[in-house]
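Enquirer: If you scroll down you'll find the structure; I have some questions about it.
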Amino acid sequence: MSTVLESIEFRAEALRIGGEKVYTDRTIDVRNPYNGECVGSVPMATLEDVRRAYEIAHAYVPKLSRYERSAILNRAAALLRERTEEASTLITSESGLSKKDSIYEIGRVADVLNFGAIEALRDDGQVFSCDLTPHGKSRKVITTREPLLGVITAITPFNHPMNQVAHKVVPSVATNNRMVLKPSEKVPLSALYFADLLYEAGLPPQMLQVITGDPREIADELLTNPRVDLITFTGGVEIGKYIATKAGYRRVVLELGGNDPLIVMDDADLDRASDLAVQGSYKNSGQRCTAVKRMLVHEKVAGAFTERVVAKTRAWKYGNPMDKNNDMGTVIDAAAALRFQQVVDEAVSQGARLLAGNLREGALYSPTVLDRVRPEMTVVREETFGPVSPILTFANIDEAIAISNGTAFGLSSGICTNRTDDVTRFAKELKVGTVNLWEVPGYRIELTPFGGIKDSGLGYKEGVQEAIKSFTNCKTFTLPW
Ligand code: NAD
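This is the structure in structure tokens:
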């Protein structure tokens with residue numbers, strides 16, 4: 001008999017508008033992807049609710065000192081670390097991510113809060129002397145960063161229910177901005193929990209309001225409300241591009257999909273490379289924008305590498321997400337699992353070879369390996385946002401770079417080789433936002449710049465420091481000196 005808890009107590013949630021909890025007649029059910037149980041409900045906001053949130057945000061002038069912002073963020077981090085068990089169980093209940101993954105996510109969210117607290121204290125103003133050229137003057141230029149005049153709209157995806165939210169909210173708090181957040185309707189409970197944590201830590205509620213609802217009804221208002229100065233969005237390419245066309249004269253930060261390779265050269269230590277391959281593919285149920293979505297392997301070592309990947313895939317435990325022994329829980333829903341099975345079946349019908357997995361039961365989808373994959377197959381041409389390891393081979397570095405650059409995406413990459421000439425070529429020639437040597441493409445710390453090019457992202461990067469830049473206006477002040 002299993003003693004593993006399967007869900008949380010039902011949470012009937014409310015909008016967070018101007019410090020009030022607002023309930024509505026119409027609601028959206030939130031279901032546990034593992035057992036289908038309804039774990040909560042959130043309001044379907046009306047346009048009136050959304051407009052009211054922007055009016056409240058716009059009318060409020062944040063006055064927190066750097067010290068106060070930093071203290072709030074540090075306090076929230078401490079509260080969250082104390083409540084790791086409760087918060088990770090909430091993430092697992094609404095997303096199906098394993099407890100291993102959700103506990104790890106809580107640590108990341110606390111890091112984001114702590115980094116935000118440090119950055120809130122840092123004045124990154126610059127001072128320029130003006131007597132640098134023959135026509136210079138005896139003056140100085142001082143730069144300062146100011147919060148935006150209007151309100152920030154933040155829209156987040158389902159895959160890291162709390163960390164995606166933290167990466168938008170924390171830089172906003174650190175810079176004294178006002179934000180209206182719309183989390184994914186698939187995982188809204190973690191976002192509301194995070195907002196409450198910040199209020200408890202002392203954040204004025206006008207600086208962060210949370211709206212939930214049906215995007216078909218409210219998304220355009222979130223994008224075009226006249227109070228909105230900046231839209232920060234993380235999610236799929238299709239909606240990202242829609243936002244780009246809809247936003248008009250506004251700053252837009254788009255963090256979109258990925259199709260990241262792990263490239264294994266013929267000199268690589270294959271034990272180490274295959275460890276990275278499976279971790280990069282299956283952590284977070286493969287639902288990371290920077291998950292390993294393609295394994296590009298030198299043909300000389302492909303056989304030995306594939307054997308190792310298959311053995312490690314079979315050992316990757318998946319099942320009940322609440323069971324701490326499992327490495328992997330479900331994917332977000334049964335429809336997603338079905339899609340993975342279909343693209344894998346399609347690849348097999350076109351000549352790929354299934355070596356492990358492709359089993360499905362509701363939203364549970366087994367870690368899956370296939371080789372003899374060609375770049376034109378849907379499973380690697382498009383983003384497969386789940387635990388699938390397609391293995392492709394190449395004959396030389398030119399071909400590896402060409403295959404890697406041959407999709408519409410350009411987010412991140414991982415490289416396994418010890419040859420410095422190859423390393424330098426990859427670092428220079430891969431058309432991506434990040435090249436990680438001997439790490440998974442998803443490796444980062446929460447502070448550092450993060451984001452892609454091509455269809456993977458537009459404009460500014462994320463990471464606490466870069467987000468702070470994009471969420472502020474740089475003002476220069478000049479004076480006689
Ligand atoms: P999604 O694009 O389906 O949804 C993202 C958000 O957009 C949700 O909150 C949704 O409600 C909202 N939305 C829906 N219609 C909208 C509209 N018309 N206008 C504005 N917002 C609308 O993405 P998802 O399925 O939740 O997440 C998976 C995707 O996110 C993958 O493609 C993944 O690669 C990407 N992602 C990117 C990054 C990154 O940093 N580059 C990180 C994580 C995930």
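The numbers in the sequence shown follow the UniProt record's numbering, run straight up by one, and end at 481.
The beta carbon of each residue, even a glycine, is placed where N, CA and C say it ideally should be.
Keep in mind it's a predicted model, so treat the numbers as computed, not measured.
To which residues does DSSP link Ile142 through a beta bridge?
Expert: In the sequence shown, residue 142 corresponds to position 142, counting from 1. For Ile142, which the question treats as bridged, DSSP gives the partners Val127 and Phe477.
Enquirer: For Asn159, I'd like the list of residues in its chain whose CB is within less than 6 angstroms of its CB, leaving aside the five on either flank, ordered along the chain.
Expert: For the purposes of this step, residue 159 is taken as residue 159 along the sequence shown, with counting starting at 1. Once the five neighbours on either side are set aside, the close Cβ partners of Asn159 are Gln287.
Enquirer: Mapping DSSP to helix, strand and coil, what is Pro161?
Expert: In the sequence shown, the residue the question calls residue 161 occupies position 161. DSSP places Pro161 in coil when its eight states are reduced to three.
Enquirer: Return yes when at least one heavy atom of the ligand NAD lies under 6 angstroms from the C-beta of Thr232, else no.
Expert: In the sequence shown, counting from the first residue as 1, residue 232 sits at position 232. For the ligand NAD, not one heavy atom lies less than 6 angstroms from the Cβ of Thr232.
Enquirer: Counting beta carbon pairs with one atom in the region 125-143 and one in the region 179-192, are three or more of them shorter than 8 angstroms?
Expert: no
Enquirer: DSSP has Asn325 in a bridge; who is on the other side?
Expert: In the sequence shown, the residue the question calls residue 325 occupies position 325. Here Asn325 is not bridged, per DSSP, to any residue.
Enquirer: Would you check whether the ligand NAD has a heavy atom nearer than 6 angstroms to the C-beta of Asn159?
Expert: Numbered from 1 along the sequence shown, position 159 holds the residue referred to as residue 159. Asn159 Cβ: within cutoff of the ligand NAD.
Enquirer: Give the secondary structure of Gln287 by DSSP, where H, G and I count as helix, E and B as strand, and everything else as coil.
Expert: Translated into the one-based positions of the sequence shown, residue 287 becomes position 287. Annotated three-state conformation of Gln287 is coil, per DSSP.
Enquirer: At what residues does the beta strand (DSSP E) containing Ile445 begin and finish?
Expert: To locate residue 445, count along the sequence shown from 1; it is residue 445. It is not in any beta strand (DSSP E) - Ile445 carries neither H nor E in the DSSP assignment.
Enquirer: Quick check: does the Cβ of Phe385 come within less than 6 angstroms of any heavy atom belonging to the ligand NAD?
Expert: Counting from 1 along the sequence shown, the entry for residue 385 is found at position 385. Yes - the ligand NAD has a heavy atom lying nearer than 6 angstroms to the Cβ of Phe385.
Enquirer: Any heavy atom of the ligand NAD within a distance shorter than 6 angstroms of the CB on Glu255?
Expert: Counting from one through the sequence shown, the residue named residue 255 turns up at place 255. Yes, Cβ of Glu255 sits closer than 6 angstroms to a heavy atom of the ligand NAD.
Enquirer: How about Ser88 and Ile106: are their beta carbons less than 7 angstroms apart?
Expert: By one-based count along the sequence shown, residue 88 stands at place 88. By one-based count along the sequence shown, residue 106 stands at place 106. Note that the C-beta distance between Ser88 and Ile106 is below 7 angstroms.
Enquirer: Can you tell me the Cα-Cα spacing of Arg31 and Ile397, whole angstroms?
Expert: For the purposes of this step, residue 31 is identified with residue 31 of the sequence shown, where counting begins at 1. For the purposes of this step, residue 397 is identified with residue 397 of the sequence shown, where counting begins at 1. Distance between the alpha carbons of Arg31 and Ile397 is about 46 angstroms.
Enquirer: Could you confirm whether any beta carbon from chain B is found closer than 7 angstroms to the beta carbon of Val310?
Expert: Here there is only one protein chain, and chain B is not present.
Enquirer: If we require 4 or more residues per run, which alpha helix (DSSP H) segments fall completely within the region 338-417?
Expert: Segments of the alpha helix (DSSP H) lying fully in the region 338-417: 378-381 and 397-404.
Enquirer: Just how far apart, CA to CA, sit Phe340 and Asn358?
Expert: Taking the first residue of the sequence shown as position 1, residue 340 is located at position 340. Taking the first residue of the sequence shown as position 1, residue 358 is located at position 358. Their backbone Cα atoms lie some 8 angstroms apart in a straight line.
Enquirer: From Ser2 to Leu364, what distance separates their C-alpha atoms?
Expert: For the purposes of this step, residue 2 is taken as residue 2 along the sequence shown, with counting starting at 1. For the purposes of this step, residue 364 is taken as residue 364 along the sequence shown, with counting starting at 1. Per-residue confidence for Ser2 stands at a pLDDT of 47, beneath the threshold of 50, marking its modelled position as unreliable; the derived number appears in the next sentence. Using only the alpha carbons, I get a separation of about 18 angstroms.
Enquirer: Shortest alpha-carbon distance to Arg178 belongs to which of Glu68, Gly319 and Val210?
Expert: Here residue 178 refers to the residue found at position 178 of the sequence shown. For the residues Glu68, Gly319 and Val210, the minimum Cα distance to Arg178 belongs to Val210.
Enquirer: Would you be able to state if there are at least three C-beta pairs under 8 angstroms between the region 385-394 and the region 406-415?
Expert: no
Enquirer: Give the secondary structure of residue 534 by DSSP, where H, G and I count as helix, E and B as strand, and everything else as coil.
Expert: The structure shown has nothing for residue 534, since the chain only spans 1 to 481.
Enquirer: Is Pro367 a contact residue of the ligand NAD, with contact defined as CB to any heavy atom under 6 angstroms?
Expert: On the sequence shown, position 367 is the one that residue 367 refers to. Every heavy atom of the ligand NAD is 6 angstroms or more from the Cβ of Pro367, so no.
Enquirer: Going by the beta-carbon positions, is the gap between Thr417 and Met265 smaller than 7 angstroms?
Expert: Locating residue 417 in the sequence shown gives position 417, where the first residue counts as 1. Locating residue 265 in the sequence shown gives position 265, where the first residue counts as 1. It is a contact, given that the beta carbons lie within the stated cut-off.
Enquirer: Compute the Euclidean distance between the alpha carbons of Tyr67 and Ala76, then round it to the nearest angstrom.
Expert: Reading the sequence shown from its first residue, position 67 is the one you call residue 67. Reading the sequence shown from its first residue, position 76 is the one you call residue 76. Cα to Cα, Tyr67 sits roughly 14 angstroms from Ala76.
Enquirer: Alpha helix (DSSP H) containing Ile91: first to last residue?
Expert: For this step, residue 91 is matched to residue 91 along the sequence shown. First-last of the alpha helix (DSSP H) with Ile91: Thr84 to Ser95.
Enquirer: I think Gly459 touches Gly433, with their Cβ atoms under 8 angstroms apart; what is that distance to the nearest whole Å?
Expert: Numbered from its first residue, the sequence shown carries residue 459 at position 459. Numbered from its first residue, the sequence shown carries residue 433 at position 433. About 12 angstroms; that fails the 8 angstroms criterion.
Enquirer: Going by CA-CA distance only, name the one from Ala120, Leu80, Asp124 and Thr368 that's closest to Arg108.
Expert: Indexing the sequence shown from 1 puts residue 108 at position 108. Of Ala120, Leu80, Asp124 and Thr368, the residue nearest in Cα terms is Leu80.
Enquirer: Whole angstroms are fine: how far does the CA of Ala277 sit from the CA of Arg425?
Expert: Within the sequence shown, the letter at position 425 stands for residue 425. Within the sequence shown, the letter at position 277 stands for residue 277. One C-alpha to the other measures close to 21 angstroms.
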